[in-house]
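**Q** Here it is, the structure in full.
Residue numbers (the working numbering): 1172 to 1388.
Okay, structure coming up:
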């Protein structure tokens, strides 16, 4: 979907076949849901190479809501929503968050390609499994951030508890990425958090150019 504003969009669907050996990189997107650092929505972007160009898809674990149904943190505790993986063009996924007025930061993950490809396969298998074996979303234990954590934990050297407060208050989840060495150490030591902010760069994007390259520092 192309988003002009949160409720104003054009539906579009795309079928893609991405060979595993074309997966090049991975970013974690953190979209702040409030003006204070607390709740956030997290997503994964994967880059893949087509000829000499990098393209990006975005994967987001979300509540599967009925038409007209709103999200409620409280209802999320009581098996009210099913869990779904939304796989989208990166520009569509991030522009929706920008249209909501959320600050979105993109953190490049510094894992080996073989690990990133393993995560990609695990994510796609998980998305497929949810079609035949549905699960309930849970506000704390089965949400967007815990899903990412479960995928990363399969290649990470250290275990990360899903009850870590930085997972619950997911706007701080970037601190875990830095702390576990998943973002380049030089970046974590030398640049401010807003170095990874995409909003202003997205505002200056010109149609017809490379959106994903433009929003990255």
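Heads up, the beta-carbon is just placed ideally off N, CA and C, and yes, glycines get one too. In this text, all values refer to a predicted model and were calculated from it rather than measured experimentally.
Residue range of the alpha helix (DSSP H) that residue 1382 falls in?
**A** 1382 to 1386
**Q** Rounded to whole angstroms, what is the Cα-Cα separation between residue 1228 and residue 1337?
**A** 25 Å
**Q** Where do the ends of the beta strand (DSSP E) carrying residue 1260 lie?
**A** 1253 to 1260
**Q** Would you mind giving the Cβ-Cβ distance between residue 1307 and residue 1252, rounded to the nearest angstrom? I have them listed as a contact below 8 Å.
**A** 7 Å
**Q** Consult DSSP for residue 1293 and reduce its assignment to one of helix, strand or coil.
**A** helix
**Q** Could you spell out the range, first to last residue, of the alpha helix (DSSP H) harbouring residue 1349?
**A** 1344 to 1350
**Q** Kindly list the residues whose CB is nearer than 7 Å to the CB of residue 1385, restricted to its own chain and excluding five residues on each side of it in sequence; keep chain order.
**A** 1372 and 1376
**Q** Would you mind reading off the limits of the beta strand (DSSP E) that contains residue 1273?
**A** Taken as a continuous stretch (DSSP letters only), residue 1273 belongs to no beta strand (DSSP E), as it is neither H nor E.
**Q** Within its chain, find whatever has a CB closer than 8 Å to the CB of residue 1255; leave out the 5 residues flanking it on each side and keep chain order.
**A** Once the five neighbours on either side are set aside, the close Cβ partners of residue 1255 are 1232, 1233, 1234, 1235 and 1301.
**Q** Using DSSP bridges, identify the partner residues of residue 1199.
**A** 1215 and 1278
**Q** Per DSSP, what kind of secondary structure is residue 1231 in: helix, strand or coil?
**A** Residue 1231 falls in the strand class under three-state DSSP.
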